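Convert by adding 65 to the 1-based position in the sequence shown; the result is the number in the numbering used here.
Glycine included, C-beta positions come from ideal geometry on N, C-alpha and C.
Since this is a predicted model, take the numbers as computed values, not measurements.
Okay, structure first, notes after.
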Amino acid sequence: MRVVTNTVSNSIVRQIQQLGTQQAKLQNQVATGQRIFQPEDDPTAVGRVLNLESEQRNTAQYQRNAERAMELSRTSYSGLQSIKKVSDRATELGTLGSSIISPAAANAYASEVNQLIEQTLQLANSRFRNDYIFAGTAVDTPPFTATRNVQGDLTGVTYVGNAQQTTIQLTESSSISPATTGATNTGLGDFINQLVALRTSLLANSPAGVSAAQTSLLASEDVLVSSLAEHGGVQTRIEATQTQLVGRATDLESLVSAETDADMPTTIVRMNQAQTAYQAALQSAANLMQVSLLDYLK
66 MRVVTNTVSN SIVRQIQQLG TQQAKLQNQV ATGQRIFQPE DDPTAVGRVL
116 NLESEQRNTA QYQRNAERAM ELSRTSYSGL QSIKKVSDRA TELGTLGSSI
166 ISPAAANAYA SEVNQLIEQT LQLANSRFRN DYIFAGTAVD TPPFTATRNV
216 QGDLTGVTYV GNAQQTTIQL TESSSISPAT TGATNTGLGD FINQLVALRT
266 SLLANSPAGV SAAQTSLLAS EDVLVSSLAE HGGVQTRIEA TQTQLVGRAT
316 DLESLVSAET DADMPTTIVR MNQAQTAYQA ALQSAANLMQ VSLLDYLK
């Protein structure tokens, strides 16, 4: 004959508590869809998840870098396109001024070229997010300084930026330079000075001088066209990298979900089993606790 003791009672209570804890955990998993809440739930999986989340943060940073690189390349491209339009018009004026024309016409063309000079200087010293676009890495100061005569007309510019390019990391193993090269930047200064030479020749009504200036302008236009083509290639590369990064982010999210998400059908079955076991344990404990010494003495 055996009588229920405190030891047995304590054991029953512990078992009920364990079943209750298991039931609560499974209910939480069903409610949230997650199977890991504490490191001790699955230490090995938690280690893998931490590595995956670190890679996710790196990928997100690379995506932001790619967006920044694309912005910078597009801004540079837009500025170069605007300067190319100035070059096209200056070439037209050079063609008109290379033949014998009246002094009044020559002065009119020179006046328009003067406006093109000021427009180009403004474009060459343009900024994006407070950084000068065509300054290399010396983005805090205007890259082109101008000299002017007593009338205020621009007589020449000097490039005071540097020949370095901003480099932006796109992945662990690759980076890109989305800004213009040092050769392009100094070429912009040469282009402005060639516009000044064109204006001077038009004011002098010198067809030979105009023709010489036009030849130099055509050479500068080649630099602009080459730089525009280069930026097109840069943007294509950035777009391809962005596509890869989006796919990578999606894959990482799937891997994290595979580690942390609960298998809902299995978890629901286990929760129902835990609830049944918990109710049965409560009922058994209630029946057992009602047994006393008097029950055995009868």
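Counting only the same chain and skipping the five closest in sequence on each side, list residues whose C-beta sits under 7 angstroms from that of R213.
-> L219 and T220
For my contact list, G144 and L263 are in at a C-beta cut-off of 8 angstroms; report their separation, rounded to the angstrom.
-> So it is not a contact: roughly 21 angstroms between Cβ atoms.
Measure the CB-CB distance between Q230 and G201 and report whether it falls below 8 angstroms.
-> yes
Boundaries (first-last residue) of the beta strand (DSSP E) holding R122 | Not the beta strand (DSSP E): R122 falls in the alpha helix (DSSP H), residues P108 to G162.
With distances taken between CB atoms, is the gap from S191 to T245 smaller than 8 angstroms?
-> no
Among Y127, A248, N250 and V275, which residue has its Cα nearest to the Cα of L260?
-> V275
Local conformation of R213 per DSSP, three classes = strand
So, helix, strand or coil for Q229, using DSSP?
-> coil
How about A171 and G162: do their beta carbons lie closer than 8 angstroms?
-> yes
Can you give me the Cβ contacts of R113 inside the same chain, cut-off strictly under 6 angstroms, excluding the 5 residues immediately before and after it?
-> E324
How long is the line joining the alpha carbons of I148 and T185, rounded to whole angstroms?
-> 6 angstroms
Check the DSSP bridge columns for V222 and list the partner residues they point to.
-> A211
Looking only at its own chain, which residues have a Cβ that is under 6 angstroms from the Cβ of T306, when we skip the five neighbours before and after it?
-> A131 and L235
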